[in-house]
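Single-structure report; data block below.
There are 2 protein chains.
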Amino acid sequence: MKIYGHPMSTCTRKVLTVLAEKGQEAQFVLVDLMKGAHKQPEHLARHPFGVIPVLEDEDFTLYESRAIMRYLDHKLPGAPLTPTELRARALMDQWLSVEQSYFATPAVKIVFQRVFLPMQGKPGDEAIVDASKAEVSKALDVIEKALAGHEYLAGSSYSLADISWMPYLQCLVVSKLGDLITDRPNVGAWWKRISERPAWVKVSS
Amino acid sequence: MKIYGHPMSTCTRKVLTVLAEKGQEAQFVLVDLMKGAHKQPEHLARHPFGVIPVLEDEDFTLYESRAIMRYLDHKLPGAPLTPTELRARALMDQWLSVEQSYFATPAVKIVFQRVFLPMQGKPGDEAIVDASKAEVSKALDVIEKALAGHEYLAGSSYSLADISWMPYLQCLVVSKLGDLITDRPNVGAWWKRISERPAWVKVSS
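In the order they appear, the protein sequences are chains X and A. Here the first sequence stands for residues 1 to 205, where the numbers follow full-length UniProt numbering. Here the second sequence stands for residues 1 to 205, where the numbers follow full-length UniProt numbering.
And the structure:
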């Protein structure tokens, strides 16, 4: 299997974390975002929307990170990352969708303004940070409540939902907004629990 | 089971179509969007992000339409709407995610400008329509290619992915942009095939 991606990309990290949790590796092919490789015809033939990651498994090509995560979990041996119990699985699906609907976009806006632009010598826009901070705070309030009495988003078992939130929580940490996580007791304890897992440490370090 | 929603809402229609495909009914509870019922405490207790639909199944509450669709498909008897073959299921997941990432937002913007605002006696903004039209056209180009030689998005079987696209395709039709569908041969044939199904006819009429 080949993964086309970038080691700093949130969506690539989700897929690599699933692989690492399964104790598996794939051939990693760097798509150099800084050089615009994701908009070149070679990559657009793999992913018509010109983003990353893409999975190639022999003659089968798949994109959209959350779809790749599900595919790898179903296909590969190792501990399952999808609960079998109906309601737990439904909660996994709900939190995967909440991440996509309400959390990923503002978290990425924050890291763009606070980290990526300054890396290129450009000033970030703190008004965008403030507006995005309100959105991520709302989402974190919701999961603070949902995590009460539960170790993981889907309940008692670590799942794809936890993995899908991690790269965006990391965006807050590197943007010096880690207190949004640690100020919320359940979110803070959950983040500690999941970010100490060897698979995430390997992918994010 | 209870579904809290609105009959005109795209996300409510997805869930109702799954129910209809299964030959099942749930108690429908209208959330009157026009009166702002979705932002009232009673509804926010069910859905903290203040949108619709919400499913209540005895003491279990679930939101996010795509999660509800999966739950209903897993739980209810009737023809399965999730392929069992690994690659077909992965394609279903990919197209569900593409709808959420690239198609739903611009399609809803179009219907808002072309239909909802004029219904309230306000003029729509054709510049927003034009920008959104470019985005939906791009997504339709991608599925035009993907549908070549296939009856449905996941391949040979009708799935949750097809259902998830239908309400947004309908947005284009009611916004007098149905030619974006019919001008593309594979998309046009697919739309005819899926929109003639009794479940969709029942939900959308």
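Glycine included, every Cβ here is placed at the ideal spot set by N, Cα and C.
Cβ-Cβ separation, residue j to residue i (assumed contact under 8 Å), whole Å
i: X/M69; j: X/I163; result: 7 Å
i: X/V51; j: X/H38; result: 6 Å
i: A/K2; j: A/E56; result: 4 Å
i: X/A67; j: A/D93; result: 4 Å
Pair within 8 Å by beta-carbon distance, residue i and residue j
i: X/A79; j: X/A154; result: no
i: X/V18; j: X/D73; result: yes
i: A/S65; j: A/P83; result: no
i: X/L140; j: X/L177; result: no
i: X/Y71; j: A/A90; result: yes
i: A/L81; j: A/L33; result: no
i: X/Q100; j: A/Q100; result: yes
i: X/Y102; j: A/F49; result: yes
Any C-beta of chain X under 8 Å from that of residue i
i: A/S157; result: no
i: A/D73; result: no
i: A/R46; result: no
i: A/S9; result: no
Given residue i as reference, the closest of the options once Cα atoms are compared
i: A/C171; options: A/W191, A/Y152, A/K22, A/T61; result: A/W191
i: A/V31; options: A/H47, A/K22, A/H74, A/L19; result: A/H47
i: A/E42; options: A/G188, A/M8, A/Y4, A/T12; result: A/Y4
i: A/W95; options: A/S205, A/T12, A/Y158; result: A/Y158
i: A/A199; options: A/T10, A/P118, A/M8, A/K14; result: A/K14
i: A/Y152; options: A/M119, A/A127, A/S195; result: A/S195
i: X/V187; options: X/D130, X/S175, X/V174, X/L169; result: X/L169
i: X/D130; options: X/S175, X/K75, X/A148; result: X/S175
Chain A contact for residue i (CB, 8 Å cutoff)
i: X/E64; result: yes
i: X/Y152; result: no
i: X/F49; result: yes
i: X/Y102; result: yes
i: X/A161; result: no
i: X/Q24; result: no
Residues of its chain near residue i, where Cβ-Cβ distance is below 6 Å and the 5 sequence neighbours each way are ignored
i: residue 207 of chain A; result: Residue 207 of chain A cannot be examined here, being either before or after the span of chain A that is shown, 1 to 205.
i: X/V98; result: none
i: X/S132; result: P106, K109, I110
i: X/T182; result: G188
i: A/Y63; result: H47, V54
i: A/L44; result: G50
Beta carbon proximity, residue i to chain B, threshold 8 Å
i: X/S164; result: The structure shown has no chain B; the protein chains it does contain are X and A.
Close Cβ partners of residue i (< 8 Å) along its chain, the five nearest in sequence each way excluded
i: A/K202; result: A20
i: X/S156; result: A88, H150
i: X/C11; result: G5, V51, I52, P53, S65, P167
Close beta carbons around residue i, own chain, < 7 Å, minus the five adjacent residues each side
i: X/G23; result: G78
i: X/G124; result: Q113, R114, L117, P118
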